[in-house]
Each structure stands twice: as structure tokens, then as C-alpha cells.
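In the numbering used here, the protein residues as written are 47 to 570. Cβ coordinates follow ideal geometry from the N, Cα and C atoms, glycine included. Take a look at the structure set out below.
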Ligand SMILES: [Zn+2]
């Protein structure tokens, strides 16, 4: 954990290493801060801001490894190590953000002659830091500072508990189906995966779970309405007051809302929404709500029309008198099959995983003049792959991990996260590294995994975030890659990438029928 010379050592880090590594880094950083805040230290970039940023980066990188493993390979021991060390990290963050002497040094740097000579990136970092000291409570009176610190610590613990509860509640549910007739309509590859999952438990039949590769297709294809209802209810009540009280997130939500409001008011804002928007692009909570209301007003008439059509179709063709929420995905899939004479299942057969990855890589190669090649690294799971991005002269630009498949130990959803952020360092350049994490179905047997068009869009979306991080040309940590980007603007590169999933020229390179190798026919 203390080796920062290269890639994170995912294969070698053990939970028992965490506490001593974190303690050592915290000790070093506190000693450094004492030196940096001394009167004799000049408030310059080189003597003050840069050493502070580098020391913090080492801590964030070490902690980032633990947080990442907690999210993607959540064993009891890694969870234990995460939760045992989280309060130390939160306390340090608060202490850092509230350090009035550091804040004063930054103000002195901002006011110095040297400030105007800094690069645009460095000036932006100093401005952001000044804002963050204020939002971190540096200007508060001592009793409010203490209270602010307590709130930060409690919020961090609540956030960790919230996602653990959700993962545990998702894992806690499964349904073993003994008869295949209960599973009419369910696609063959989903059945095979369910059978395989049952076998791994030493059972016969089909094991259904609430993980995306099982739950999604079941809701979309299972003709068995009672089964859909059962799964839907289990899914929507995970970690709620309707399930195991030990995993109930309701009190956590209530407590978080109270603490967020208290925190905002300590800083002089009326609501948490106001505080949250300070570092974002939207001007005010009212502007954000106006945007959503306007969107709703434009979308609603179309949604109502679609819904009425679906109700009519469900009555006439599916024998469903009153459409329920667990019927929506099923009925819309059937309606699509009827109206456009194709199903998602049919489209999926044109999107085998190797073709999709290959097609996406070749696309960005031609867009950005880069090369993407297989690479090797220590990983946290055998299914994880690793790639490098180079320029046409084989100069290294960045590297990334791809972890596509859903697992019991992985948090739900899809995301991109930074492992290493680009930085100019003495004697060279530290190139960036990203994690791309999805919850897609894994291949069963020797057949490749097949993806729906939605899943392909998700992959493109996350790769868009990845490219934002990896193709950065900024040399200073604080605004390199996705850092320092307003959080309501960070979705631009990801949505930009999504658009290519609708381009015919791209689709022809992204698709190859799993049996015939043909590209997607235009009619589909
Ligand atoms: Zn996104």
C-alpha cells in the first residue's frame, strides 16, 4: 500500500496491511502540515501548495485502494478494514479542511506576486482550494468547528453503512425455481446462468437473484406474472422498513438529511441543496428544479400517450386487465416485439462482448488518434482485464482496468473511478489509470457474453468518463482528469460517447452475430 512507484498492488494488498499503512501516512502528513504552516514557510506553489498536494495524494491513493476493494470485492475482512479506518480518514479530512493556518497560507499565496506567474491550472487549484477551505469549515468558531467535524464523521460512516446494507440485502434474496414451466419466456442464456448459479450452491433448478443480470431479464421476459411481482417487491423493498430490520436504510436516510441540513446551516446556507450547488454549474436550487420541471412538462404528454397505448395492448393481447408496475418492462418488450418485429434478445445476439469491446476501442482510436492494447497488471479478480493507451509512437498515455461482470461481492450499477491521476513529476510524467466497473452478465460455458443495446450504451458511457480522466493533458493533480470539474458538467463526455451507439457506421463495426458473424441488419 505504500508503494506509489507504479500501479496499485491489488494482488498483494491484504486487509491486515491497511491500518499500519494508513497510520504511517497520516503521521507523515501531519508532520508535514506542521512544517508547512510554520511562519518561516513561504506561501509559494513550490514550497507550500505542491508538497501539501503530493502528501495528500499519497494518502488518497492508499485509501483509494481500500475503498475500491470495498466496492468491487467486498469480503468481510476488507469491509472490516474499511470501516475500522474510515473514521481516521474522515477526521484527517476535516482537520485538513478546517486548518485555519493552511487556509491563511493559501490566502497569502493568492495575494502574492507569485500567484500571477502560476499556470492557469495552478491558479484554478488555488481558487478551488480557497473555496473548499471555506466549505470545509475553516472559518467557523471553535465550537461550530467541533460540531462540523462530528457531522462529517457520522455522515461518512452512514454513507458506508447505507451501501453495505444495500449490497447485503441484494445478496440476501434468492429464489430457487424447480420447474422450467415457471420460467416461460425467459431467454436461454439467462436460464443457463441461473442453472449454473443453482449448481454452485449444490442445488438443482434455477436460482434467481436481484443482481442486474438476473433481475433485469426476468422482469422483461418472464411470462409468470406472480414471479415478476415477487421479484419486483423483493427488489424495491431492499434495505427498507419492509425487510430485515438490521439492513433497514430508512433511519439512515432520515439521519443523513438532518445532518446535511445542520452542516449547511453551520456554513450559513439555508439548505443542503444550496451548499451542494456552490461548486457546481447550476446557479441555485430553483434553477435546478426549473430545469427538471421544464423537462417533465415536455416529456409528460408523450409518456402519457405511450402508457395509454401500453395499457390498451396489455388488455387486448396479454390478458392483463390492470397494468401494474411489475408488468411495465414485460409489456413494453412485448409491444416492441409486436410493433417493430424484433426483441432485445434478437438484438443481443449481434453484440457479443469481444466484438463490442473491439469495436469501441477501434472507434476511439480513430477519434483521438490513439492506440489501445492489452496490458498486464495485478488485479482484484481473475475476470478483470487491463489495457494501455498509447500515442502513435507507442508513448504511454494511460492504462485502465475493465471489470465487466456482476458478482455477489460487487456494488450494483456501473461507474468509472480514478486509480492514478496524471501529474508532471520530477523527471517525467505520471500517467493516469482508471477503473471501469459494470454489472453485466458473465459468459456461461464457452459462449461469449451477449449485451443488450442498453448495456452497450452503459459501457460507452463509462468509457466516456474513462477517456475524460485518461486523455487529460493537465499536469497538476487538482484539476487533472475529472478532478475539479463541476459535478453537474462531468456527464458531458460520457453522454457524448453514448451518442455513438446510435450511429449506423459505428454499429456496423460493433456488431457480429454470435453464430453467423453478420453485422446488425439495418432493419433492426
Ligand atoms: Zn456518468
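Ligand 1 heavy atom lying under 8 Å from the CB of residue i
{"i": "residue 511", "result": "yes"}
{"i": "residue 507", "result": "yes"}
{"i": "residue 536", "result": "yes"}
{"i": "residue 540", "result": "yes"}
Continuous alpha helix (DSSP H) stretch holding residue i: start and end
{"i": "residue 291", "result": "Unbroken run through residue 291: none, as it is neither H nor E."}
{"i": "residue 542", "result": "538-545"}
{"i": "residue 220", "result": "Here residue 220 belongs to no alpha helix (DSSP H); instead the beta strand (DSSP E) covers 220-223."}
{"i": "residue 435", "result": "Premise fails: residue 435 lies in the beta strand (DSSP E), 431-436, not in any alpha helix (DSSP H)."}
{"i": "residue 455", "result": "Per DSSP, residue 455 belongs to no alpha helix (DSSP H) and is neither H nor E."}
{"i": "residue 124", "result": "122-143"}
{"i": "residue 374", "result": "374-386"}
{"i": "residue 554", "result": "550-556"}
{"i": "residue 350", "result": "331-363"}
{"i": "residue 469", "result": "Here residue 469 belongs to no alpha helix (DSSP H); instead the beta strand (DSSP E) covers 469-471."}
{"i": "residue 318", "result": "318-323"}
{"i": "residue 108", "result": "96-118"}
{"i": "residue 236", "result": "234-246"}
{"i": "residue 163", "result": "160-163"}
Residue i to residue j span [Cα, whole Å]
{"i": "residue 292", "j": "residue 114", "result": "25 Å"}
{"i": "residue 428", "j": "residue 267", "result": "31 Å"}
{"i": "residue 434", "j": "residue 529", "result": "21 Å"}
{"i": "residue 440", "j": "residue 552", "result": "25 Å"}
{"i": "residue 88", "j": "residue 157", "result": "13 Å"}
{"i": "residue 451", "j": "residue 155", "result": "47 Å"}
{"i": "residue 202", "j": "residue 243", "result": "34 Å"}
{"i": "residue 279", "j": "residue 222", "result": "16 Å"}
{"i": "residue 361", "j": "residue 385", "result": "16 Å"}
{"i": "residue 557", "j": "residue 246", "result": "32 Å"}
{"i": "residue 464", "j": "residue 546", "result": "24 Å"}
Closest by C-alpha distance to residue i, when choosing among the options
{"i": "residue 298", "options": "374, 553, 365, 209", "result": "209"}
{"i": "residue 432", "options": "420, 362, 199, 68", "result": "420"}
{"i": "residue 502", "options": "524, 470, 549, 537", "result": "549"}
{"i": "residue 470", "options": "464, 463, 478", "result": "478"}
{"i": "residue 141", "options": "179, 127, 343", "result": "179"}
{"i": "residue 92", "options": "505, 472, 379", "result": "472"}
{"i": "residue 314", "options": "98, 184, 223", "result": "184"}
{"i": "residue 397", "options": "242, 258, 131, 489", "result": "489"}
{"i": "residue 480", "options": "59, 111, 82", "result": "111"}
{"i": "residue 263", "options": "486, 569, 87, 247", "result": "486"}
{"i": "residue 364", "options": "378, 351, 352", "result": "378"}
{"i": "residue 101", "options": "138, 65, 340, 122", "result": "138"}
{"i": "residue 406", "options": "322, 384, 510", "result": "510"}
{"i": "residue 234", "options": "446, 206, 496", "result": "496"}
{"i": "residue 371", "options": "271, 466, 455", "result": "271"}
{"i": "residue 436", "options": "75, 516, 416, 130", "result": "416"}
{"i": "residue 505", "options": "540, 306, 492", "result": "540"}
Residue interval of the beta strand (DSSP E) (run including residue i)
{"i": "residue 449", "result": "442-451"}
{"i": "residue 168", "result": "That residue, residue 168, is in no beta strand (DSSP E); its alpha helix (DSSP H) goes 166-181."}
{"i": "residue 259", "result": "Here residue 259 belongs to no beta strand (DSSP E); instead the alpha helix (DSSP H) covers 258-267."}
{"i": "residue 79", "result": "Premise fails: residue 79 lies in the alpha helix (DSSP H), 64-82, not in any beta strand (DSSP E)."}
{"i": "residue 147", "result": "Looking at the DSSP string, residue 147 is not in any beta strand (DSSP E); the run it does join, the alpha helix (DSSP H), is 146-157."}
Per-residue DSSP class, three states only, for residue i
{"i": "residue 479", "result": "strand"}
{"i": "residue 200", "result": "helix"}
{"i": "residue 464", "result": "strand"}
{"i": "residue 254", "result": "strand"}
{"i": "residue 496", "result": "strand"}
{"i": "residue 416", "result": "coil"}
{"i": "residue 391", "result": "helix"}
{"i": "residue 367", "result": "coil"}
{"i": "residue 194", "result": "helix"}
{"i": "residue 270", "result": "coil"}
{"i": "residue 61", "result": "helix"}
{"i": "residue 407", "result": "helix"}
{"i": "residue 52", "result": "coil"}
{"i": "residue 486", "result": "strand"}
{"i": "residue 474", "result": "strand"}
{"i": "residue 567", "result": "coil"}
{"i": "residue 188", "result": "helix"}
{"i": "residue 400", "result": "helix"}
{"i": "residue 210", "result": "helix"}
{"i": "residue 86", "result": "coil"}
{"i": "residue 91", "result": "helix"}
Heavy atom of ligand 3 within 8 Å of residue i beta-carbon
{"i": "residue 294", "result": "Ligand 3 is not part of the structure shown, which contains ligand 1 as its ligands."}
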